[in-house]
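Report on the following structure.
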Amino acid sequence: MVKYNPFNLILLVLSSLVLMFILAPLAGMFIHTGGTELLETVNDKEVQSSIWLTLWVSFSATFLFAFGGIPLAWLLARRNFPLKSLVQGIIDLPIVLPHTAAGIAILGFISRDGFLGKTADIFGLSLINNPAGIALAMAFVSIPFLINSARDGFAAVPERLEKAALSLGASHSKVFFSISLPLAWRSIMTGFIMMFARGMSEFGAVVIVAYHPMIAPVLIYERFSSFGLKYARPASVLFIIIALGVFILLRLISVRKKEINLIPDAET
Amino acid sequence: MLRLNNIFKKLGDFTLSDININISAGEYYVLLGRSGSGKTQLLELIAGLNEADSGEVWLDNENITNKKIQERNIGLVFQDYAIFPNMTVFGNIAYSLHCRKLDKKSVNQKVNDVAGELNISHLLNRYTQNLSGGELQRVALARTLITSPKLLLLDEPLASIDASLKDGIKRTFRQLNRKGITIVHVTHDYREAVSLATRIGVIHNGHIIQEGTPEMVFKKPVNKFVARYAGIKNFFRVKFFIDRGSWKAQCDGKLVFNLVNDDYPSEGLLILRSDAISIHNGEPVKENYNYFRGVIKEILPSEAGMEVMVDAGEIFFIDISQDDFKKLNIREMSDVWISFPAEAGIVLEGSI
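Top line first, the protein sequences correspond to chains A and B. Counting with this note's numbering, you get residues 68 to 335 for the letters of the first sequence. Counting with this note's numbering, you get residues -4 to 347 for the letters of the second sequence.
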């Protein structure tokens, strides 16, 4: 029970203000969106395909990049190598870059003059204005969330469990798949969800790489700039509802796994 | 069986050096040392989890220094057991068999056999979160023994177990040793070493400072560190001299002890085990004994019964049983006599 002394009161007021700051605009948007408008938007084929595109492209980007990101996270948690801090800094770089600048960088990389663009061109594929380009832009800005969370998860797995598995005759890959990965699973899933959510909400980098096909944030911006606030609101509300639904669903799936308390390694 | 030749390993500021150990098949070797003495590092080096900077590890006349950990056939039971929390007891025990891709029938058979041997058959389908320390220890042992290791390494195996369960686990270790399994057991507890070891190696600051049978190590410690480790509290800085043909030792406090004739340095440290000294209400008259009059300063309960601190010109710590304590009817500030045989004094050489 919190006691009502002046300090607690100040904490309460300040905390409430911050929460209000987050909730008030969202609540205002929901209140100002009528049921009829929302229903019309739900049935709008353009909105439907845009939200679907956002979801599957972000999920695919997260899923594919997890194959490289998770092993990298394990390396960062378990191995010491030259320039490790630099590697860690590079991983965090997309978080601090302005996202439009990230979009420009990606565009240079995937345009016909860039390395990836040239390679894709050989197969008759253009990455600009293509879901593959969107996926790359989403992954670029969101992959730090997966790597950092997975790295923390691997670091929390006591090394003695991995050593015990090795001493029982397991190969390094067997140890990774039977001990490290299952025990870091929660953190990996949290990172996965964060990367997916961050990719889904990306606008700045994506709009430079691909205005079309339109992902939901670009569609909302387009409706706002062409028709105004009233017209952009229902699409925003719908996208938020669906994003929240997916977020909650993934969270529920990931926490269904039994919680395991990991006792850290004793100091010797 | 196991031979360590001139092992050297630098770990940050800490160094394991000049480690030479030779363990015969069937021995129960206890590596005794405080935390930070390097005993766990040495064990991990034998198991193959770490590599030595120089030196060799030989097992059954085979140089295994550079052999992969998976191929060494050495079983290691970790401190706090290192049980895999994402598997059942069965999954833990069967882990090494799954690594060797044994068929399901053989796995079941082997797991049931070893679980029966260690009385944990009833736990096989349980997850490990709610098991007691003793149960976890047995699971860890079963998981290691199922690999039929040539050598069993135990890292502080009794450190996290309730006192009431320790005897049962010790019995299991003794039985395994009697069956012919060579054991290297690491501990910081000298009582554990005395009760289990056929041979003890005392490790301090990365060096083996004494090796021998428990009797030898605790009755004739090579230095003050080992003596303190063995629970000895009576240390006297003395000068040795001959008086009328008999060796004697004089303390700084001028108390003079009679010694058995031997070769002594001019000065050194004389130590007395607390249980080698007796307390009397009257003056004891015994030949070849030392006896002094003193005052009891403090009486504290101890593992042996009572620890009595007597000031007889020097401070003596004496262990007596509860029965003797009752018979003597002594209390703090009582006047008493203390005695100990002339051969009870252990002389430590060097300046220490």
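Where a beta carbon is used, it is the ideal one built from N, C-alpha and C, also for glycine.
- The beta carbon of L183 of chain A is closer than 6 Å to those of F176, I177 in its chain, skipping five residues each way along the sequence.
- In this structure, the beta-carbon distance from G33 of chain B to F3 of chain B does not fall below 8 Å.
- Bounds of the beta strand (DSSP E) holding P296 of chain B are 284 to 296.
- Runs of the alpha helix (DSSP H) lying entirely within the segment 250 to 307 of chain A and spanning at least 4 residues, in chain order: 252 to 267, 271 to 276, 283 to 294.
- Closest in alpha carbon position to N285 of chain B, among B:V189, B:G340, B:Y259, is B:G340.
- Our two residues, Q317 of chain B and D162 of chain B, have alpha carbons roughly 23 Å apart in a direct line.
- D13 of chain B is positioned such that its CB atom lies closer than 8 Å to that of N1 of chain B.
- Residues of chain B whose Cβ lies closer than 8 Å to the Cβ of G236 of chain A are, in chain order, Q65, S91, C94, R95, T142.
- At a cut-off of 8 Å between beta-carbon atoms, I255 of chain A makes no contact with chain B.
- B:D150 is the residue among B:G240, B:I176, B:W53, B:D150 whose C-alpha sits nearest the C-alpha of E187 of chain B.
- Contact with chain A is found for A77 of chain B, since one of that chain's Cβ atoms lies less than 8 Å from the residue's Cβ.
- Within the same chain, and ignoring the five residues on either side of T60 of chain B in sequence, the residues whose Cβ sits closer than 6 Å to its Cβ are E51, V52.
- G28 of chain B places its beta carbon less than 8 Å from that of H183 of chain B.
- Inclusion of I313 of chain B and I266 of chain B in the CB contact set at 8 Å is not warranted, their separation being larger than that value.
- When CB distances to chain A are screened at a threshold of 8 Å, the residues of the segment 31 to 47 of chain B falling below it are G31, T35, Q36, E39, A42, G43, L44, in chain order.
- Taking 8 Å as the cut-off between beta carbons, the residues of the segment 222 to 233 of chain A near chain B are P225, R227, L228, K230, A231, A232, L233, in sequence order.
- Runs of beta strand (DSSP E) with 3 or more residues, each lying fully within the segment 98 to 183 of chain B, are found at 146 to 150, 177 to 182, listed in chain order.
- Apart from sequence neighbours up to five positions away, the residues of its chain that approach I176 of chain B with a beta-carbon distance below 7 Å are L147, ordered along the chain.
- Within the same chain, R232 come within 7 Å of D247 of chain B by CB-CB distance, once the 5 residues on both sides are set aside.
- If one requires a minimum length of 4 residues, the alpha helix (DSSP H) runs lying completely within the segment 117 to 166 of chain A are 151 to 163, in chain order.
- Of all alpha-carbon atoms in B:L160, B:P152, B:R166, B:C94, the one lying nearest the alpha-carbon of E112 of chain B is that of B:R166.
- Between L174 of chain A and V276 of chain A, the beta carbon gap of about 5 Å places them in contact (Cβ cut-off 8 Å).
- W242 of chain B counts as buried, since at least 16 other C-beta atoms from the protein chains shown sit within 10 angstroms of its C-beta.
- G236 of chain A and Q65 of chain B do touch by the CB rule: their CB atoms are close to 5 Å apart, below 8 Å.
- Between F243 of chain A and the set A:F221, A:W123, A:R318, A:F88, the nearest pair of CA atoms involves A:F221.
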